[in-house]
Amino acid sequence: MLHIDGSSTSSAGGAGILLQGPRDVEVEAARLDFSTTNNEAEYEAVIIGLRMPLEAGGKQLDVYTDSQLVAMQIDGSYETQERSMTQYLKNIKDLIVKFDKCVGQQISKEENPRAELYLSLELWWQK
1 MLHIDGSSTS
11 SAGGAGILLQ
21 GPRDVEVEAA
31 RLDFSTTNNE
41 AEYEAVIIGL
51 RMPLEAGGKQ
61 LDVYTDSQLV
71 AMQIDGSYET
81 QERSMTQYLK
91 NIKDLIVKFD
101 KCVGQQISKE
111 ENPRAELYLS
121 LELWWQK
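Sequential numbering of the sequence shown, starting at 1, is according to the UniProt record's numbering.
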């Protein structure tokens, strides 16, 4: 199970990732040292989050995000129409095909508190 959240400020962004496996929980907060939009920060969080279980040999993954756009793109039910986001979506799709099963689900911010917390800590650290 993967919970992700991304956010941006005027000068940088952050990605909060919470990966819960059968035996343990792994948390990562990544600082993005470049100006991003909120959607770009969400995509960065997804890419980092998808790589983590693949490196550990994971084959199935449920991805939870508060971004409807990201959830629908993970499931393949929505394509990007923004030219700048095309490469992000391609990178995500390239990672998803390595799983036997990968499902995206939109949840509310209230249901995604730990990823949000780690993201908040990362953005605080950037100040």
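Every residue gets a Cβ at the ideal spot worked out from N, C-alpha and C, and that includes glycine.
Secondary structure remark: continuous alpha helix (DSSP H) runs of at least 4 residues inside the UniProt domain "RNase H type-1" (1-127), in chain order: 38-55, 68-75, 86-96 and 113-126. In its chain, beyond the 5 residues on either side, L54 have a beta carbon closer than 6 Å to the beta carbon of K98. With respect to the C-alpha of A15, the residue from S35, Q105 and G21 having the closest C-alpha is S35.
Each of T65, H3, A30 and D62 was checked against the Cα of G13, and the nearest Cα belongs to A30. Taking a 10 Å sphere around the C-beta of S8, we find 16 or more other C-beta atoms and assign the residue as buried. Remark: C-beta atoms of S10 and E42 do not approach each other more closely than 8 Å. Exposed is the label assigned to Q105, since fewer than 16 other Cβ atoms lie within 10 Å of its Cβ. Of the residues assessed, T86 falls on the exposed side of the cut-off, its CB having fewer than 16 other CB atoms within 10 angstroms. Within the model, the alpha-carbon separation for H3 versus Q73 is close to 16 Å. L19 is a Cβ neighbour of G49, given a cutoff of 8 Å.
Residues L61 and I96 of the same chain have their beta carbon placed closer than 6 Å to that of C102, with the five preceding and five following residues left out of the count.
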